[in-house]
Structure formats: structure tokens, C-alpha cells
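Q:
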Amino acid sequence: MVPTWQLRAAFAQRLSAMYGTEVPAYTTLLEVAGQVNDEVAARDPDAARFGSIDRVTAERHGAIRVGTPEELRQAAQIFAALGMHPVGFYDLRDGEGAVPVVSTAFRPTDPEELDRNPFRVFTSLLTTGDRRFFDPDLESRLDAFLARRQLFPPELLRLAARAEAGAGLPADQAERFLTQAVAAFELSPEPVDRAWYAELERVSAVAADIGGVAATHINHLTPRVLDIDALYRRMGERGITMIDRIQGPPRWDGPDVLLRQTSFRALAEPRAFRDPDGGVTPGSLRVRFGEVEARGIALTRAGRARYDHLMAETDRRTALRPDADRQETARSLWQRGFPGTEHQLAVSHQAFFTYRPVAGRPRDGRCPPADLTRLLTHGWLTAHPVVYEDFLPRSAAGIFRSNLTGEGTRDADLAGTPFDAHRLAEALGRPVHDPFTLYARQQDRSLRQALFTLQAGAALRALDHGELIDTEPTGTEPTGTEPTGTEPTGTGATGTAPGTTSADRP
Ligand code: OOG
Ligand code: NI
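According to the numbering used here, the sequence shown holds residues 236 to 741 in order.
1. Can you list the alpha helix (DSSP H) stretches of 4 or more residues lying completely in the stretch 498 to 586, in chain order?
2. As a quick check of your reading: which residues have a C-beta less than 6 Å from at least one non-hydrogen atom of the ligand NI, in chain order?
3. Are the CB atoms of R591 and W615 nearer to each other than 8 Å?
4. Residue range of the beta strand (DSSP E) that S359 falls in?
5. Verify the contact flag: G588, CB atom, against every heavy atom of the ligand OOG, threshold strictly below 7 Å.
6. Inspect the beta-carbon positions of L627 and G483 and report whether they are closer than 8 Å.
7. Any chance the stretch 503 to 514 sits against the stretch 308 to 317, with 3 or more Cβ pairs inside 8 Å?
8. Which residue or residues does DSSP assign as beta-bridge partners of H455?
9. Any contact between the stretch 445 to 457 and the stretch 379 to 395? By contact I mean 3 or more CB pairs, one from each, below 8 Å.
10. Give the secondary structure of D273 by DSSP, where H, G and I count as helix, E and B as strand, and everything else as coil.
11. How long is the line joining the alpha carbons of G518 and E374, rounded to whole angstroms?
12. If you count every other CB in all the chains shown that lies within 10 Å of the CB of T719, and 16 or more means buried, which is it?
13. Are A442 and P335 touching if we call contact CB-CB under 8 Å?
14. Taking the Cβ atom as the reference point for each residue, do V301 and T457 lie within a distance shorter than 8 Å?
15. Less than 8 Å between the C-beta atoms of R645 and F368, yes or no?
16. Using three-state DSSP, classify V291 as helix, strand or coil.
17. Output the distance between the C-alpha atoms of G255 and R469, rounded to the nearest integer angstrom.
18. Keeping to the same chain, check which residues put their C-beta closer than 7 Å to that of N352; ignore five residues upstream and five downstream.
19. Among residues of its own chain, excluding the 5 on either side of V267, which ones have a beta-carbon nearer than 7 Å to its beta-carbon?
20. Which of helix, strand or coil does DSSP assign to A693?
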């Protein structure tokens, strides 16, 4: 029997091997990322603070884009077989560089599973009903095209359902499942209808990438690196031009938080095209790219609001002084406006930590205090950062944008289709987890266990009353439909993942 986590690890590894043969620059990226990680591991005794070097070395995220709720449900079934569940809701349809998709990320949700293999896939659904992008005629032709295609073979879906139900597959079935799952995300050799693709491309290159072809494909696969600034420089030295900046928080003296990412455009790849007269002629498309990421501490809603505020302020000042260095502007704002140490982040409840009791601390007849600051400063507890496992909508929009050909067209005077975590959950037929709730639960569990070990009665009571730590309610249900398809639970607000603060809109 091959258990779920081994299926996930094998899938990530095979997908990586496949992508390396298809996109050679990805192999260069892996090489450089590996060198940088080895160097950081050798010079920095704290290198494993955000995950073991084994985890970081194996760590990847990919991205796919699908056209219909049914395709999304099928993708969800395949990811469920790998122990990956939808987390977060990202709406990328607004603001500068808007694209006609809403997204979620499939990933493991248990800390132990993340440690075994943290593979995640950012998955976007085309919103064909959004009038800002598609008129009724184009919508109906697009929907008809999408209804005719089959992204995933029935056997793959059957094996996936079996793997989910049985928490794994017998070895021979695992092999069939993995082979077919990887094949489903390869670039298809099918000729592309030239006129149809071009028509969609005028609206949005993302719409063409999704609805202009008969298959889906993994459009990038992202390794994790421990020093993204070093990697950025070194890729330049290897002759690969990265986008103009690293997205996310600036490099600064304080703690690494959330996610920093940067990317490069892949080369145009040869593709066969079907011309209006029925003949097949060669051409090329540029649909795939490379990306790399560095991860830091997960922020609470309060910390995230602070982050969003600083990003908005960086934008505002950069717009006022276009020739000032954006990184410098950001850095100085952060220096003044963001907690400068992990300890400050913890005691101001702006980031998530797991807590451990300090073994053998003399009690001197005293009971541990019911106050987080004193529990930490008086040496009862230690705090360990929780790594951010999700994405940033603004960076995602930037990644989409930097890899698109043309701006497309969008009529901002028309109303968009309302879409939220709820509707996404209904489309999926599975609940969408709220990332803040997942992090809060992990933190709460560790703190409760630590205080129990310390026999810290007063602190435990304070924790129960919500007085020790002020973050998120941990009991809320994920947004969405029960697997049986009954009434949605919760409200839209519980599922609004990192995706919905206005300051973070693209
Ligand atoms: C997804 C872009 C988002 C990220 O890392 O933010 C993403 C896509 O291009 O389909 O992968
Ligand atoms: Ni990405």
C-alpha cells in the first residue's frame, strides 16, 4: 500500500522531472536554488528555523488553470488523493492587471503532513460569466468549447476517488494513478485553433491559455529558496532575466514574514496550430514560466492588516516619487512600522507561533503567569514561528501580469459576477479552509499542550477565556458545502482568506 503522503511526494517529484524536460530554464533554477540553500545552510545556524533543509529542498508549488466548476471538482478529486485540500480564496479580477479568474490553493492542512511533503498547487478557475471580460456570445461559445473537452481520463478520476477513500493505493494502482496524473498536466501536442485562440487572447491571455486549448498544463513549478535576493542576482549572472523585482515584503533587518516571490518568463515554445482552412502549421506560444519563493512567518489578521497597510503606503510613496528606489522606501517604512523581532510579533499577536514548555525550569514555588509576555520573558515558554503556507493575491496578480502577452480588454463599467469563498466551495463541492483558522488552531493546540505540561492553571484558564492570546476564533468551520452538498455553513467572512483586503488588491 502506498499511503497518501508518499503519493504526494512521488507526484511532486515526477511532476518536477517532467517539467524539467519541458522547460530547461527550470532546471537551471533548481540548480541555483540548490546552491543557495546549501550555502545558507552552511553559514546560518538558524537556517532550519522555517523548516528542515530536507523539507525546503523538496518543496515546490505549481499552478494550473481550469475552465469550469466540473473541471475544478475533478482537479480537487485528484489533489484529495494526494492529501491536498482547498485553502483560501483569491479573487484576481479587480484592479490593474486584472485577470478573469478566482483561485484557491490545494495543499496539506496538517502540520505533520506539511513536514512530510508540503506540495501545493495554486488553482485558478476561469470566470466565463464575468461580463467585464466576456459578452454573452463569447461566454456561450467558450462554455460550449469547455463542455466538449475532458481534462482528466475517467480511470484517473476513479483511482483518485479510491485513493482518497482508502488513504492510499496498492502499488500497481499507485503507479497507474501517478503516471496518468502527471500526463494530465503535460503540455498537449494537440494543434491549437489559431483563430479561436487569438479571439480569446484579445480579451485576456489567461482566457486563451485556459479556454483556447483542449487540455490543461502546469504553467510553473516553484522551488523554495532560503535567500531569494542571492538567487535573484545569480540567475541574472546565468543570463536569465527575472521580472523587475521581488514581490512581497522587502528585505530588511527584521523577521521574514509571509512570502517573497520572483519569476522569469519562459521562452516561446513551438506549438502546432490549426488554421481556418483546416491545415496545420507551426507556431509558438509563451505560456509557461519560472518562479522562486522564500517563505517566512504566517501573520494573524492583525499582522496582515499591518502588512497590507505598509504595502499600500509603499505604493503611494513610490507613485509620488517614481525615481526613488521602491525597496528603500519599503525598507524604511518597515523599519518604523513593523515589529522588528519575532518576540514583538508574538506578544503583539501579529504572527503565529507554536509554543513549547522549557524543560526543567525551576518553579521556585511559583505558578507560571497568565500572561504571554511574561511566560516568554521569564523563560517558561519558547516560541517557534509558524511558516506561511499560502499565497498573496497581489503577488499572484503580479506573477500573472508579468507573464502575459498584452493587457487584454476589460470593461470596468460593467458589474462583475459576485464570487466569494462560498461560491467557490459550492463549485468545488468541498469546503474551502480558511488559512487563518488553520494557523490559529495549530498555535492554540501547541500553547494548550505546553501550558498543560507546565501545569500552568491560571494561564490555561486565561487561554480558555481568550485572554492569553488574541488572534482568531479557532472553532469556525471551513467555508462551504458539506461533502454531501447540504446548506453551506458559515458566512462569506469566515472564508475570506488572505485574498480580500482592499489594500492588497492588485
Ligand atoms: C498562478 C499565479 C499565482 C503564485 O505563486 O502567486 C502563483 C498562475 O499563473 O496560474 O502561482
Ligand atoms: Ni506561483
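Positions of the beta carbon are idealized from the N, C-alpha and C atoms, including for glycine.
A: So, from the listed chains and residues:
1. Counting only unbroken stretches of 4 or more residues, the alpha helix (DSSP H) elements lying wholly within the stretch 498 to 586 are 536 to 555, 561 to 572 and 577 to 582, in sequence order.
2. H296, A298, F357, H455, T457, E526 and I634
3. No, Cβ-Cβ distance for R591 and W615 is not below 8 Å.
4. Note, S359: beta strand (DSSP E), R355 to L361.
5. Here residue 588 is Phe; the residue named in the question, Gly, does not match the sequence. Answer for F588: no, Cβ out of range of the ligand OOG.
6. yes
7. Touching, no, given that fewer than three Cβ pairs across the two stretches are closer than 8 Å.
8. A298
9. Result yes; three or more Cβ-Cβ pairs closer than 8 Å.
10. helix
11. 26 Å
12. Residue placement at T719 is flagged as unreliable, the pLDDT there being 33, under the threshold of 50; the coordinate-derived value follows with that caveat. Classification of T719: exposed, given that the 10 Å Cβ count is below 16.
13. Between A442 and P335, the CB-CB gap stays under 8 Å.
14. In this structure, T457 does not lie closer than 8 Å to V301 by Cβ.
15. yes
16. Correct three-state label for V291: helix.
17. G255 and R469: Cα-Cα distance of roughly 19 Å.
18. W240, R243, A244, A247 and A293
19. Here the set comprises L466, R469, M470 and R473.
20. helix
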